[in-house]
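The block underneath contains the structure these notes are about, expressed in C-alpha cells.
Number of protein chains: 2
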Amino acid sequence: MRRRTEPPGLTLAERKRQLVRDELGDAALRLLARQGFEETTVDQLAAAAGVSRRTFFRYFASKEDVVISFIGLVGEQIVAEVEARPAGEPPAVAIREAVKAVTVEDFTENREKSVALIRHTLQIPALRARFAERQDLLRDDIAEALARRQDLPEPTPRLHFAAGLGLLAFAGALKHWAEVDGHADPAAVLDAAFTEAGKAFAL
Amino acid sequence: MRRRTEPPGLTLAERKRQLVRDELGDAALRLLARQGFEETTVDQLAAAAGVSRRTFFRYFASKEDVVISFIGLVGEQIVAEVEARPAGEPPAVAIREAVKAVTVEDFTENREKSVALIRHTLQIPALRARFAERQDLLRDDIAEALARRQDLPEPTPRLHFAAGLGLLAFAGALKHWAEVDGHADPAAVLDAAFTEAGKAFAL
DNA sequence: CCGAACTTGGCACTGAGTGTCAACTGTGGC
DNA sequence: GCCACAGTTGACACTCAGTGCCAAGTTCGG
C-alpha cells in the first residue's frame, strides 16, 4: 500500500499528484483572471492544464473549488494553530494569533497573487457564496478547536460566537487588505480588525 | 401596465401569482420533507404542484430557493425594522429588537412549520450553504440600514461587525429553538443568544 | 369584440457533476 | 526480465439544474 519509508514526508505518487493539482490550479487562476469566472467552462479549465474534464473533477470537487480550496488549506492550518494556543488565553486572542501565524508570512511573500485571489473571491457572487459556505463550516471547526484547547467535550455557544466573530474579523481584514492592494502590514490590519470587532457589540 | 387603483393593496394578478407561489412552496416543502432534498428533482417539485418545470423556475430561482426564500422575506423585514429603530440605540440592541419584532410572533404561531423549516435549512448541506450565502448578503444590508439609521453615508467596519454578530446570534437562536422543538419562548431564546454573543469577545 | 400584457408549457440547449470501464503507468516481488 | 497490483487517466454516457425562445392560452381594459 503506502510506502513505509517516505523520504521527505511524501510518496512519489503523492508529490506527483500535488504537481498536477498545482498545475491545474495555476492554469485555472490564469484563465479565470483573463476571461472571468462565469464565462469559463470546466472544459476550458481542464484543457488549459492539458488534462481531461473528468480528471479535473478528480482534483477539484467543483469549478469554484479551484479558487476556494486555497482557503480550505488556510482554514485547516488555523484550526491547528488555535488548538495549539495556551488554554488560559481568551478565545479572541487565540483566534487572532492563530490567523496571524498562518497568514501574515504567506500574504507578505505572495502579495500580488493573494490580492488577486481575495478580490476574485469577494467579488464574484458564486465564489463569495462558496466562501461564505466554507466559513460557516470552518466556524464549527474552530469552535471545536477552542473547546479541545481547554479540555471541554464540546464547544459552548459562547465559543461558537467567538469563532464566528473571529472569522468575521478575518474576512474584514482580508477585504481591507485587498482594497489597499496589499500595501499594508497584514499583522496590523488583522489586529485592527479584531480590535474593532471586539467593540462592535458594546452597549 | 400595473393597475393604478389597488383595492386591498395588490392587483388581482399579483394575488394570483402569490397563490401559485404559495402552492408551489407548500407542495415542495411537503415533498422534500418526505423524500429528502437531494433525492428530489425539480421535475417532481413542479409536478407536485401541477405545474411545468419551466414555470417552477419562473417562481423560484433555484431548487434551494423554495426553502430559502422564506428567510429572504424575513431578511427584508429585519432590514426595514433595523432602519426604523431610534438612532441613539446601540447597534446590537437595534438588531436584537428588529429580529424579535419580525420573528417572535411568526414563530409562536407557526411553531411546527418553523421548526421543520429551520431543521432542514441547518441540516441539509446544500441548504445550509445557501443559508450562509443569504446571511452574507443580508449582513451588508443590515450594516447599511444601521448606517442610514444614524445618517451615515455608508456603514463603518464596526457596524459591519455588529450586523455580522447579530446574525450569528440570530442563527444561534434559531438552532437552539429548533433543537428544543420550539418549546421555548422565542423572545427569551433570542435575548439569551444576543447576551451570550456580546460576551464572546471579552478579553 | 379586439388588442395589449402576462402567464404558461414545451422544446432545445448549455454546462456541472458522476458512474463506469478499459487502457496505461509505475512499483515491488520473484 | 516478468508479472501482479494499485493508482491514474481519458472517453463515453447519463442525470439534472438552469435558461432562451416561441407559440398558445388567459385576462382585462377600451
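Protein sequence lines correspond, in order, to chains A and B. According to our numbering, the first sequence is numbered sequentially starting from 1. According to our numbering, the second sequence is numbered sequentially starting from 204. The C-beta atom is built at its ideal place from N, Cα and C for all residues, glycine as well.
By the Cβ neighbour-count rule, Glu133 of chain A is buried, with 16 or more other Cβ atoms within 10 Å of its own. Put simply, the backbone Cα of Asp388 of chain B is about 19 Å away from that of Ile281 of chain B. Contact between the region 147-165 of chain A and the region 81-96 of chain A is present: 3 or more CB-CB pairs across the two stretches fall below 8 Å. Assignment of Phe37 of chain A by DSSP, reduced to helix, strand and coil, places it in the coil class. When the five nearest sequence neighbours on each side are left out, the beta carbons in the same chain lying within less than 6 Å of the beta carbon of Leu24 of chain A are those of Ala49, Tyr59, in order along the chain. Here Ile327 of chain B is near Phe240 of chain B, since their CB atoms are less than 8 Å apart. Contact check for Thr121 of chain A against Val67 of chain A passes: the beta carbons are separated by less than 8 Å. Neighbourhood of Ala346 of chain B in chain A, by CB distance below 9 Å: empty, with the nearest CB roughly 10 Å away. Using a CB distance below 9 Å, the part of the region 180-202 of chain A facing chain B consists of Ala192, Ala193, Phe194, Glu196, Ala197, Gly198, Lys199, Ala200, Phe201, Ala202, ordered along the chain. Listed in chain order, the alpha helix (DSSP H) elements of length 4 or more contained wholly in the region 61-117 of chain A are 63-84, 91-109. Around the Cβ of Ser265 of chain B, a 10 Å sphere holds fewer than 16 other Cβ atoms; the residue is exposed.
Taking all protein chains in view, the Cβ of Ser52 of chain A is surrounded by fewer than 16 other Cβ atoms within 10 Å, so the residue is classified as exposed. Rounded to the nearest whole angstrom, the CA to CA distance from Gly172 of chain A to Asp268 of chain B is 28 Å. In summary, the residues of the region 271-294 of chain B whose CB is separated from some CB of chain A by less than 8 Å are Pro293, Pro294, in the order they occur in the chain. Of the candidates A:Gln135, A:Leu203, A:Phe194, A:Gln135 places its Cα closest to the Cα of Leu73 of chain A. For Pro153 of chain A, the secondary structure class from DSSP, reduced to helix, strand or coil, is coil. At least one CB atom of chain B sits nearer than 8 Å to the CB of His160 of chain A. Val99 of chain A and Asp191 of chain A have their C-alpha atoms some 10 Å from each other. By the Cβ-count criterion, Thr306 of chain B is buried, with 16 or more other Cβ atoms from all chains shown falling within 10 Å of its own Cβ. Distance from the CA atom of Glu105 of chain A to the CA atom of Pro86 of chain A, rounded to whole angstroms, is 22 Å. Between the alpha carbons of Ala230 of chain B and Pro153 of chain A lies a distance of about 41 Å.
Rounded to whole angstroms, the Cβ separation of Ile274 of chain B and Ala366 of chain B is 16 Å, and the two are not in contact under 8 Å. Contacts with chain A at 8 Å (Cβ-Cβ) do not include Arg351 of chain B. What Glu133 of chain A touches in chain B, judged by beta-carbon distance under 8 Å, is Arg331, Ala332, Ala335, Glu336, going in chain order. Look at Phe404 of chain B here: in three-state DSSP terms it is coil, with no helix or strand label. When rounded, the separation of the alpha-carbon atoms in Leu368 of chain B and Leu406 of chain B is 17 Å. Taking CB atoms only, Val66 of chain A has no neighbour in chain B less than 8 Å away.
A residue is called buried once 16 or more other Cβ atoms fall within 10 Å of its Cβ, and Leu222 of chain B, having fewer, is exposed. Counting other Cβ atoms within 10 Å of its Cβ, Arg333 of chain B reaches 16 or more and is therefore classed as buried. The C-beta of Leu215 of chain B has fewer than 16 other C-beta atoms within 10 Å across all chains shown, which makes the residue exposed. Using a CB distance cut-off of 8 Å, Val302 of chain B does not count as an interface residue toward chain A. Residue-level contact by beta carbon holds for Asp339 of chain B and chain A, with a gap shorter than 8 Å. Within the same chain, Cβ atoms closer than 6 Å to the Cβ of Phe107 of chain A are found at Ser114, Pro186, the five residues on either side in sequence being excluded.
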